[in-house]
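Encoded as structure tokens, the structure appears first; notes follow it.
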Amino acid sequence: MPAHSSTKLAAPRRLLAAFNCRRYPSFRSAFVTVAPSRAPSRLDLFSRHLAPKPPFLELNTPFSTERSARLVDDQGNIIKPRSPPEPKATPKTAIEAEPPAKMSNQAPHPALLIPGPIEFDDAVLQSMSHYSESHVGQPFVNTFSEVLTNLRKLFLSTDPAAQPFVISGSGTLGWDQVAANLAEPGDQVLVLHTGYFADSFADCFETYGVKATQLKAPIGDRPQLDEIEAALKENKYKIMTVTHVDTSTGVLSEIKALSELVHRVSPETLVVVDGVCSVGSEEIRFDEWKLDVVLTASQKGIGCPAGLSILMVSGRAIERFKARKTRPTSYFGSWKNWLPIMQNYEARKASYFATPSPQLIHALDTALKNILARPVDQYWAAHTATSQKVKKAVADFGLKQLASKPENQANGMTAIYLPEGIAPPDVIPSLLKKGVIFAGGLHKEIASKYIRFGHMGVSVTDPNRPDITKAIEALKESLTEVGYKA
Ligand SMILES: Cc1ncc(COP(=O)(O)O)c(C=O)c1O
């Protein structure tokens, strides 16, 4: 008899085992001789707090892992992945199955073509193996200064009153910085909604006691200028936010026209652009378009590993921040703390508020120098050309995009509806076997119906990389394997 058998348990442990077997059926296999009683025991009454509860917080990613997520259709039924065809020989791992062409000096790996993080250039990765140096030593401060100067170039900003910020964190920290520094509790903001990321930005504002009103468009579309004009005339908003490229839908917003509208109809309203999935891959002219904030992250169009929150802030927004009546509602994210640091760094003066990551700053320095080695509009043009190629291949193969109108379509990614009856788990593992990683759907309402193909950075700009062509072929083959005929 196994040592843990119920007959060997002392009375209190037996009681606990009985309780656990009822509460957690998997427990039963370890205590096979304990029979669950039918009537609720006194223990049940005492220990309700131990009962399994729904999760404290729902995960806000409906399709969080591309390969293992359980998918639910419109009626709430679980969609099972199709069974893969019988393997002819011993199955191999993805990398063994098709060794990717040597695309760099990095270890062989499938091409990461999700809408961020993206593939990295060798030189960017090598910059991260920089020896350790003091974060207040002159060599590092000089590098930080160059990074800030180059960010001005990336954003095409020459206004000395504008200020770039680079802070350890991800894109989300940009939302926190905007909400904590540019809005005060009780303020009203207008959030233009083109998908998942607007919901999250609105939620971030609410966290800081700021009232966020969302103006929503049908999936795959964006709010129209006349609707936005009406909303701006109806209410006084401190800030209007727009997701330049909504990574959940691949919808592109028209930043120049939006900013013109705000400056005409509601000139006091600050124009804040979530450029996490657009900086680098989409045209942005910070000064010329009179933007107040563009917030982004390191890991997408800029082509640097994740870990940096990057912002470009206008002189007008800095003045608005300085005129606050209340303290910023964040400590780490407060510009009271960071503004002097950024100004000092740029002036090559050592300064400290919180320790930056020297290795990531070196990587960002290299990534920016790579982009700025040619006029930035050439970098955008490379993304536009690749995007056209991907979108044509998708259409030629009889597939549709979430963003149905050409003017709504992002240049750094494509969100593709799968044919009827095919779900992401039917194709994503097969794409992986062919050496390509795509992302599943992210928009809650249709997550099981589409996949996302990211085409940004070195996969687009390095002519020696086969990533994009290979991905298009892999997508066609994977869909054909599960029975789709174009
Ligand atoms: C448009 C957009 N905004 C914000 C974020 C949040 O950025 P992060 O995941 O780096 O925090 C993302 C992430 O993908 C995004 O795509």
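Position 379, counted from 1, in the sequence shown is what this note's numbering calls 431; the numbers after and before it change by one each time, with no gaps. Glycine is no exception: its CB is placed at the ideal position from the N, C-alpha and C atoms.
C-alpha distance - residue i paired with residue j, whole-angstrom precision
i: Gln-190; j: Tyr-248; result: 42 angstroms
i: Asp-255; j: Asn-516; result: 42 angstroms
i: Ile-503; j: Thr-438; result: 18 angstroms
i: Glu-258; j: Asp-251; result: 11 angstroms
i: Ser-409; j: Val-365; result: 22 angstroms
i: Ser-350; j: Ala-358; result: 5 angstroms
i: Gly-332; j: Ile-354; result: 5 angstroms
i: Glu-185; j: Asn-194; result: 12 angstroms
i: Gln-229; j: Ala-369; result: 12 angstroms
i: Gly-450; j: Lys-444; result: 10 angstroms
i: His-245; j: Tyr-183; result: 44 angstroms
i: Val-510; j: Asp-173; result: 6 angstroms
i: Ser-318; j: Lys-486; result: 51 angstroms
i: Tyr-383; j: Ala-406; result: 11 angstroms
i: Ala-523; j: Leu-177; result: 23 angstroms
i: Ser-305; j: Asn-463; result: 11 angstroms
CB contact flag (residue i, residue j, <8 angstroms)
i: Leu-424; j: Val-479; result: no
i: Tyr-260; j: Pro-237; result: yes
i: Cys-356; j: Ala-434; result: no
i: Gly-385; j: Ala-235; result: no
i: Gln-440; j: Gly-302; result: no
i: Leu-546; j: Leu-420; result: Outside the shown range of the chain, which is 53 to 538, sits residue 546, and nothing can be said about it.
i: Gly-221; j: Leu-363; result: no
i: Ile-170; j: Gly-506; result: yes
i: Val-324; j: Thr-295; result: no
i: Leu-471; j: Ser-500; result: It should be pointed out that residue 471 corresponds to Pro in this sequence rather than to Leu. Going by C-beta atoms, Pro-471 is not nearer than 8 angstroms to Ser-500.
i: Val-218; j: Leu-391; result: no
i: Lys-290; j: Gln-240; result: yes
i: Leu-277; j: Leu-242; result: no
Collapsed DSSP secondary structure at residue i in the structure displayed
i: His-315; result: helix
i: Leu-347; result: strand
i: Gln-276; result: coil
i: Phe-505; result: strand
i: Glu-497; result: helix
i: Thr-321; result: coil
i: Ile-336; result: coil
i: Ile-423; result: helix
i: Val-331; result: strand
i: Lys-263; result: strand
i: Tyr-183; result: coil
i: Asn-307; result: Sequence check: residue 307 is Ile here, not Asn. Note: Ile-307 maps to helix in three-state DSSP.
i: Ala-467; result: strand
i: Asp-417; result: helix
i: Gln-190; result: helix
i: Ile-271; result: coil
i: Asp-326; result: strand
CB contact below 8 angstroms: residue i versus chain B
i: Glu-306; result: No chain B appears in this structure, which consists of one protein chain only.
Exercise. What are the complete beta strand (DSSP E) segments, minimum 3 residues, inside the segment 348-389?
Worked result: Correct list: 360-365.
For this session: Kindly provide the ranges of any alpha helix (DSSP H) runs that are 4 or more residues long and lie completely inside the segment 211-235, ordered along the chain.
Result: For the segment 211-235, the continuous alpha helix (DSSP H) assignments of 4+ residues that do not extend past its boundaries occur at 223-234, in sequence order.
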